[in-house]
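In this note's numbering, the protein residues as written are -15 to 210.
Read through the structure below, which is laid out as structure tokens, and then see the notes.
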């Protein structure tokens, strides 16, 4: 599996919560696959780098990296090499997440490397202007996520719907091949439906699911209205 053709898509970013680390990460990935099998929704998981290999060997839904550094193989101690996460089982990656911002030139390099390796690129942005710049880099997805709403429980699709609509319009104008995801605060079926109604092709989410009492039930609720 290389490129993702089917939408809507749900990307679950595991971040570095203990609830989504190690053995808990595998449990969460298995629950995500069960939801995908039961509902037909295109689920993707993005665990921490050390968890990519064991998870990708246990599930069949796509596994993404959370970050890739703008480097080539060599002396870069502590960095994340694209070839390493790809060989471990990652078929895509988040890029420029609000918690790990990158320079424009570095984003460009990473997107180009994902294209070379036929990996899926999800370039995160925080407003319409940066989304426009991101679209010129030819990522597969642009995920709009105002940082002030991340982890707030307030979805961008409701708090700032004009950002989603504006991002959809300008990206379709600049690069019709790039799809739009809605991030920040997404956790319920109503949130996801609102995002799709605004023109997004899916959602990028994290804590609303990971920290839920029953993550599988939370995921089922998330996709219940599509």
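Cβ atoms here follow ideal geometry from the backbone N, Cα and C, with glycine treated the same way.
Nothing here was measured: the structure is a model prediction, and the numbers come from that model.
Taking a cut-off of 8 Å on C-beta distances, the stretch 199 to 210 does not touch the stretch 144 to 155, as fewer than three cross pairs fall below it.
The alpha-carbon separation between residue 137 and residue 168 amounts to approximately 8 Å. Looking at the backbone, the Cα of residue -8 and that of residue 88 are separated by about 28 Å. With respect to the C-alpha of residue 72, the residue from 170, 9, 40 and 98 having the closest C-alpha is 40. In the three-state DSSP reduction, residue 26 falls in the strand class (E or B). Rounded to the nearest whole angstrom, the C-alpha separation of residue 91 and residue 74 is 18 Å. Going by DSSP, residue 141 is part of the alpha helix (DSSP H) stretching over 140 to 143. The stretch 70 to 115 contains, as complete alpha helix (DSSP H) runs of 4+ residues, the segments 88 to 100 (chain order). Spatial neighbours of residue 190 in its own chain (CB-CB distance under 6 Å, excluding positions within 5 residues in sequence) are listed in chain order as -3 and -1. Contact between residue 180 and residue 210 is confirmed by a C-beta separation of about 6 Å, below the 8 Å threshold. Residue 98 and residue 151 have their C-alpha atoms spaced approximately 23 Å apart. Within the same chain, 72 and 73 come within 8 Å of residue 37 by CB-CB distance, once the 5 residues on both sides are set aside.
CA-CA distance, residue 27 to residue 105, rounds to 15 Å. Within the same chain, Cβ atoms closer than 6 Å to the Cβ of residue 149 are found at 182, the five residues on either side in sequence being excluded. In the structure shown, the three-state DSSP call for residue 167 is strand.
DSSP places residue 178 in the uninterrupted alpha helix (DSSP H) bounded by 173 to 181.
By the criterion of a C-beta distance shorter than 6 Å, residue 17 is surrounded in its chain by 43 and 45, once the five residues flanking it on both sides are discounted.
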